[in-house]
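Reviewing the structure listed below.
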Amino acid sequence: SGIRDENNNTYNPKIVRIGLKAHHSVKAVSMDYLIQQKLSGVASDGGRRGAGEYDRIRASLLDEAAIVFSTLSFSGSAIFTRMTRAFDVVIIDEAAQAVEPATLVPLVHGCRQVFLVGDPVQLPATVISKTAQNLGYRTSLFQRFQAAGFPVQMLKIQYRMHPEISVFPSKEFYEGILEDGEGLNKKRPWHSYSCFGPFCFFDVDGVESQLSGSGSTVNEDEVGFITLLYHQLAMRYPELKSSSQVAVISPYRGQVKLLKDHFRSTFGDQSKEVIDVNTVDGFQGREKELVIFSCVRCNKEQNIGFVSDFRRMNVAITRARSAVLVIGSASTLKKDKHWTNLVESAKERNRYFKVTKPFTAFFTEDSFKTMKVERPVPEARISQAIEAINEVVARQEVMDADDAGDNQADGDDYDAMEADDGGGGDD
Numbered sequence: 040s041g042i043r044d045e046n047n048n049t050y051n052p053k054i055v056r057i058g059l060k061a062h063h064s065v066k067a068v069s070m071d072y073l074i075q076q077k078l079s080g081v082a083s084d085g086g087r088r089g090a091g092e093y094d095r096i097r098a099s100l101l102d103e104a105a106i107v108f109s110t111l112s113f114s115g116s117a118i119f120t121r122m123t124r125a126f127d128v129v130i131i132d133e134a135a136q137a138v139e140p141a142t143l144v145p146l147v148h149g150c151r152q153v154f155l156v157g158d159p160v161q162l163p164a165t166v167i168s169k170t171a172q173n174l175g176y177r178t179s180l181f182q183r184f185q186a187a188g189f190p191v192q193m194l195k196i197q198y199r200m201h202p203e204i205s206v207f208p209s210k211e212f213y214e215g216i217l218e219d220g221e222g223l224n225k226k227r228p229w230h231s232y233s234c235f236g237p238f239c240f241f242d243v244d245g246v247e248s249q250l251s252g253s254g255s256t257v258n259e260d261e262v263g264f265i266t267l268l269y270h271q272l273a274m275r276y277p278e279l280k281s282s283s284q285v286a287v288i289s290p291y292r293g294q295v296k297l298l299k300d301h302f303r304s305t306f307g308d309q310s311k312e313v314i315d316v317n318t319v320d321g322f323q324g325r326e327k328e329l330v331i332f333s334c335v336r337c338n339k340e341q342n343i344g345f346v347s348d349f350r351r352m353n354v355a356i357t358r359a360r361s362a363v364l365v366i367g368s369a370s371t372l373k374k375d376k377h378w379t380n381l382v383e384s385a386k387e388r389n390r391y392f393k394v395t396k397p398f399t400a401f402f403t404e405d406s407f408k409t410m411k412v413e414r415p416v417p418e419a420r421i422s423q424a425i426e427a428i429n430e431v432v433a434r435q436e437v438m439d440a441d442d443a444g445d446n447q448a449d450g451d452d453y454d455a456m457e458a459d460d461g462g463g464g465d466d
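Numbering-wise (my numbering), the sequence shown opens with residue 40 and increments by one.
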């Protein structure tokens, strides 16, 4: 593993991550961890471990690093002002989700090039004030450059989603120009059942309500169905429990809290280690092997609130690598054209499931038998079989040609024999 240079050689640059609460997957390159490692070495050599030594180590780590990772806001901390050199390049990821003042923070340290990477059809920055929104504070520098006609390079090849997942957002949000990278159509074990992806919509007419004390919208019926759905996945495919490969996301914080509480009471405290439950907004920029999306809204008035924001919808259904399972009320969501198109897409592909109570009836063994997917013959094997058939046919044609030649020779000999018999006459 590593990064490839201009000569396609792999190398591992020195990396440091600056910020709070480093995820365990990046702990080894976090500033605090690296400082502690250095301080341990100093202590073992009999050196002093004062505040001055701490600052010296921190500054040296920053100067030695080839790549520094930080959030926009943290890049304004005092540690960056002590650097002895400026950055050559600043790359801002999710630039379409950042307000302009935040985007300017890392640029004050100086750099020769700036790259803004983002998606304008995904969620923008979260701005609570309506006045600020109306005055354009929500507009990102990325959007402003794009609107001004600044050249934007569209990255058309996606390397995350199974093609059965990407086909809908490509058509719905990207004018059909998205292309799939190699190897993305790999069949996963859970694809053996149609209800486990790669793309499914479960039509659940539950009851929405307001979570006490928060005012956030929740749907306990969807929580119950999702719990059963995850249980079946984890029971049939234990590898999904070995690491955090599953995410459950929802637009509403109340629903997220309800899901977390329900998973904890059903599967124990360890569930938080293997199931990532989050809001859609909080999950932007991330991905998981399998994603379950709870839409929540279900009412006669067909009021779906900010679930109607197509950018939030786009984020939600594009987080999964191998399977996205959407749970919602089709009759409520159909008020929105994008949601209508999604449900229709699921129906066209036979990935629409109408679910009624009791939900346990959906997960019986008899039900699973009807959802069993016959394993298709791999394309490579099909092409090999065609080649073998063509080879046999070619051989047969050669043999037939040889036989035809032999038969012609036999016929000539027979004609000669007939002539001899006729010429000899009867005795």
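Backbone N, C-alpha and C fix where the C-beta goes; we use that ideal spot for every residue, glycine too.
Which of the three DSSP states is assigned to residue i in this structure?
{"i": "Ser368", "result": "coil"}
{"i": "Gln250", "result": "As written in the sequence, residue 250 is Leu, which differs from the Gln given in the question. Leu250: coil per DSSP, three-state reduction."}
{"i": "Leu361", "result": "According to the sequence displayed, residue 361 carries Ser and not Leu. Strand, per DSSP."}
{"i": "Glu328", "result": "strand"}
{"i": "Arg43", "result": "strand"}
{"i": "Asp219", "result": "strand"}
{"i": "Tyr176", "result": "coil"}
{"i": "Gln152", "result": "strand"}
{"i": "Phe126", "result": "coil"}
{"i": "Ser114", "result": "helix"}
{"i": "Ile421", "result": "With a pLDDT of 48 at Ile421, under the threshold of 50, the modelled position of this residue cannot be trusted; read the value that follows with caution. In the structure shown, Ile421 sits in a helix (DSSP, three-state: H, G or I)."}
{"i": "Asp242", "result": "strand"}
{"i": "Tyr93", "result": "helix"}
{"i": "Tyr391", "result": "strand"}
{"i": "Tyr72", "result": "helix"}
{"i": "Gln192", "result": "coil"}
{"i": "Glu121", "result": "Sequence check: residue 121 is Arg here, not Glu. Coil."}
{"i": "Arg183", "result": "helix"}
{"i": "Ile57", "result": "coil"}
{"i": "Gln197", "result": "strand"}
{"i": "Thr49", "result": "strand"}
{"i": "Ile204", "result": "helix"}
{"i": "Lys411", "result": "strand"}
{"i": "Ile106", "result": "strand"}
When the Cα atoms are used, what is the spatial distance from residue i to residue j?
{"i": "Ile42", "j": "Ala105", "result": "12 angstroms"}
{"i": "Val107", "j": "Lys280", "result": "32 angstroms"}
{"i": "Cys150", "j": "Asp71", "result": "25 angstroms"}
{"i": "Asp442", "j": "Glu221", "result": "Annotation note: pLDDT 49 at Asp442 (below 50); position unreliable, coordinate value reported separately. Between Asp442 and Glu221, the C-alpha separation is close to 47 angstroms."}
{"i": "Gln284", "j": "Leu364", "result": "14 angstroms"}
{"i": "Ser112", "j": "Ala187", "result": "26 angstroms"}
{"i": "Arg390", "j": "Val412", "result": "12 angstroms"}
{"i": "Glu395", "j": "Thr403", "result": "First, the residue type needs correcting, since residue 395 is Thr and not Glu in the sequence shown. Thr395 and Thr403: Cα-Cα distance of roughly 13 angstroms."}
{"i": "Arg56", "j": "Gly80", "result": "20 angstroms"}
{"i": "Ala385", "j": "Cys239", "result": "6 angstroms"}
{"i": "Ser289", "j": "Ile265", "result": "12 angstroms"}
{"i": "Ile366", "j": "Pro397", "result": "16 angstroms"}
{"i": "Ser361", "j": "Leu78", "result": "43 angstroms"}
{"i": "Val206", "j": "Ile216", "result": "10 angstroms"}
{"i": "Glu418", "j": "Arg227", "result": "For Glu418, the predicted structure reports a pLDDT of 48, less than 50, and the residue's modelled location is therefore unreliable. The matter cannot be settled from this model."}
{"i": "Glu387", "j": "Glu312", "result": "36 angstroms"}
{"i": "Thr178", "j": "Ala355", "result": "21 angstroms"}
{"i": "Asn46", "j": "Asp132", "result": "25 angstroms"}
{"i": "Ile74", "j": "Ile96", "result": "6 angstroms"}
{"i": "Val191", "j": "Gln323", "result": "21 angstroms"}
{"i": "Met122", "j": "Ser114", "result": "12 angstroms"}
{"i": "Glu383", "j": "Lys373", "result": "10 angstroms"}
{"i": "Arg250", "j": "Arg303", "result": "Arg is not the amino acid found at residue 250; the sequence shown has Leu there. For Leu250 and Arg303, the distance between alpha carbons rounds to 18 angstroms."}
{"i": "Ala286", "j": "Gln161", "result": "19 angstroms"}
{"i": "Leu297", "j": "Asn48", "result": "49 angstroms"}
{"i": "Thr170", "j": "Val138", "result": "15 angstroms"}
{"i": "Glu214", "j": "Lys53", "result": "40 angstroms"}
{"i": "Phe392", "j": "Asp300", "result": "26 angstroms"}
{"i": "Phe181", "j": "Lys210", "result": "23 angstroms"}
{"i": "Arg183", "j": "Phe189", "result": "9 angstroms"}
Please look up how many angstroms separate the CB atoms of residue i and residue j, rounded, as I've assumed it's under 8 angstroms.
{"i": "Phe212", "j": "Asn353", "result": "5 angstroms"}
{"i": "Gly58", "j": "Ser109", "result": "6 angstroms"}
{"i": "Leu268", "j": "Ile196", "result": "With 8 angstroms as the limit, Leu268 and Ile196 do not qualify as a contact, their Cβ atoms being about 31 angstroms apart."}
{"i": "Val335", "j": "Glu278", "result": "Their Cβ separation, rounded to whole angstroms, is 29 angstroms, which puts Val335 and Glu278 out of contact at 8 angstroms."}
{"i": "Ser368", "j": "Val243", "result": "6 angstroms"}
{"i": "Lys327", "j": "Arg358", "result": "6 angstroms"}
Decide if the stretch 146-157 is in contact with the stretch 169-177; the criterion is three or more beta carbon pairs, one per stretch, under 8 angstroms apart.
Verdict: no, contact absent.
Do the stretch 115-131 and the stretch 97-104 meet, that is, are 3 or more Cβ pairs less than 8 angstroms apart?
yes
With a cut-off of 8 angstroms, do at least 3 Cβ pairs link the stretch 342-351 to the stretch 373-382?
yes
Report yes or no: do the stretch 271-285 and the stretch 317-324 share at least 3 C-beta pairs separated by less than 8 angstroms?
no
Flag this pair as touching only if the stretch 284-298 and the stretch 251-258 have three or more C-beta atom pairs under 8 angstroms; answer yes or no.
Short answer: they touch.
Check whether the stretch 214-230 and the stretch 199-206 touch, using three or more Cβ-Cβ pairs below 8 angstroms as the test.
With a cut-off of 8 angstroms, the stretch 199-206 and the stretch 214-230 count as touching, because enough Cβ pairs lie within range.
For a minimum of 4 consecutive residues, which ranges assigned as the alpha helix (DSSP H) are wholly contained in the stretch 251-296?
259-275
Quick check: the stretch 400-414 against the stretch 231-241, are at least 3 beta-carbon pairs closer than 8 angstroms?
yes
Only counting runs of 4 or more residues, tell me where the alpha helix (DSSP H) segments fall wholly within the stretch 300-350, in order along the chain.
310-313 and 319-322
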